[in-house]
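Heads up: the structure comes next, in structure tokens.
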Amino acid sequence: MKIATYNVNGVNGRLPVLLRWLEETKPDVACLQELKAPQENFPEQALLDAGYKAIWHGQKSWNGVAILARNMEITERCRVLPGDPDDLHSRYIEAEVNGIIIGCLYLPNGNPAPGPKFDYKLQWFERLTTHAADLLASGLPVVLTGDYNVMPTEIDVYKPERWVNDALFRPETREAFKTLAAQGWTDAIRKLHPDEIIYTFFDYFRDAYGRNAGLRIDHFLLSPQLDSRLIAAAVDRNVRGWEKSSDHAPVWIELADL
DNA sequence: ATGCCGTGGAAACCACGA
Numbered sequence: 612m613k614i615a616t617y618n619v620n621g622v623n624g625r626l627p628v629l630l631r632w633l634e635e636t637k638p639d640v641a642c643l644q645e646l647k648a649p650q651e652n653f654p655e656q657a658l659l660d661a662g663y664k665a666i667w668h669g670q671k672s673w674n675g676v677a678i679l680a681r682n683m684e685i686t687e688r689c690r691v692l693p694g695d696p697d698d699l700h701s702r703y704i705e706a707e708v709n710g711i712i713i714g715c716l717y718l719p720n721g722n723p724a725p726g727p728k729f730d731y732k733l734q735w736f737e738r739l740t741t742h743a744a745d746l747l748a749s750g751l752p753v754v755l756t757g758d759y760n761v762m763p764t765e766i767d768v769y770k771p772e773r774w775v776n777d778a779l780f781r782p783e784t785r786e787a788f789k790t791l792a793a794q795g796w797t798d799a800i801r802k803l804h805p806d807e808i809i810y811t812f813f814d815y816f817r818d819a820y821g822r823n824a825g826l827r828i829d830h831f832l833l834s835p836q837l838d839s840r841l842i843a844a845a846v847d848r849n850v851r852g853w854e855k856s857s858d859h860a861p862v863w864i865e866l867a868d869l
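The letter at position 12 of the first sequence is residue 623 when you use our numbering, and the numbering goes up by one with no holes.
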């Protein structure tokens, strides 16, 4: 079972690229972030025509998350991150697909830091950590994936010294990721590629992609039940080089069937 | 160290992203 995550940066503007990527790489499940589309403007029919059922939580202009599945039912569990009824951002959606709980998340950017946006990021991180603990306690196999907006360690950023005060790399942010992972989650990319330079984001300007000036901010966290099933994990880096690409590249894992 | 690019929505510029 191949599960992918892709911050599309506008699902309608990105539709040709998204459809090409789905056709070429055929993930069984695809988690999308930054739809940047209201609920009613999601390209449901185009994805159905491509073989994918979808659930999504849209929002006008910003945010928005979706879970797609090919030849499998998607059973929605929730479409907001529990813990704050006043949080109206569409940043989390969770479903069961083929016996696996899939949490698709778009963690807040948090810049500028310090400030209210950074406070929101850390609060959102705490809510995610609380929810993640509940998921672990359920004993079910869980994949928490998406755009975490965190470079967990120095090898996950091309020039770490330039990012120390950025919301994506500040000590508080890295600590929050570490605390979450320490519950018992496995960073799938790092389990299989512990020392490799791997990026999932390249800025649009200054030829960041061509210079490999990237960040690793899109992650897969696996619950312990899935550790022994992890076969492969990689980035579809070439997709970032396509015409009209998102600034993120897709990331995927392959899990052994039971 | 930076919004130089890109998207969406409203309005012919602005907010936001990382």
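Yeah, the Cβ is synthetic: ideal placement off N, Cα and C, and Gly gets one too.
If you're wondering where the values come from, they're calculated on a predicted model, not measured in any experiment.
query: Phe653 (DSSP reduced to helix, strand or coil); result: coil
query: DSSP bridge partner residues for Trp863 (one or two, in chain order); result: Ala615 and Ala845
query: Where the beta strand (DSSP E) containing Tyr703 begins and where it ends; result: Tyr703 to Val708
query: Three-pair Cβ contact test at 8 Å for the region 840-860 versus the region 779-788; result: no
query: Start-to-end residues for the alpha helix (DSSP H) that takes in Asp829; result: Element bounds for Asp829: not the alpha helix (DSSP H) but the beta strand (DSSP E), Asp829 to Leu833.
query: 7 Å CB neighbourhood of Leu626 in its chain, flanking five on each side removed; result: Pro654 and Ala657
query: For Arg801, three-class secondary structure by DSSP; result: helix
query: Enclosing alpha helix (DSSP H) for Gln644 [first to last residue]; result: Note, Gln644: premise wrong, no alpha helix (DSSP H); beta strand (DSSP E) at Val640 to Gln644.
query: Arg851 to Arg827 span [Cα, whole Å]; result: 13 Å
query: Classification of Pro723 by the beta-carbon crowding that lies within 10 angstroms, buried from 16 upward; result: exposed
query: Under 8 Å between C-beta atoms of Leu633 and Ala641; result: yes
query: Contact under 8 Å by Cβ, Phe813 with Val862; result: no
query: Backbone secondary structure at Trp673 - three-state DSSP; result: coil
query: Nearest candidate by alpha-carbon position, reference Leu718, set Ile766, Gly675 and Ser834; result: Gly675
query: Cβ-heavy atom distance, Arg785 to the ligand GTP, below 7 Å; result: Ligands in the displayed structure: none, and consequently the ligand GTP is not present.
query: Assigned exposure category for Lys732 - 16 Cβ within 10 Å defines buried; result: buried
query: Classification of Ser839 by the beta-carbon crowding that lies within 10 angstroms, buried from 16 upward; result: exposed
query: At least 3 beta-carbon pairs within less than 8 Å: the region 741-749 vs the region 764-775; result: no
query: Expected contact under 8 Å - CB spacing of Gly669 and Asn652 to nearest Å; result: 7 Å
query: C-alpha gap between Asp829 and Gly757, whole angstroms; result: 5 Å
query: Proximity of Glu687 and Ile712 at Cβ, strictly below 8 Å; result: no
query: Secondary structure of Tyr731, DSSP reduced to three states; result: helix
query: N- and C-terminal bounds of the alpha helix (DSSP H) containing Lys789; result: Pro782 to Ala792
query: Residue range of the unbroken beta strand (DSSP E) whose run includes Trp667; result: Tyr663 to His668
query: Collapsed DSSP secondary structure at Glu687 in the structure displayed; result: strand
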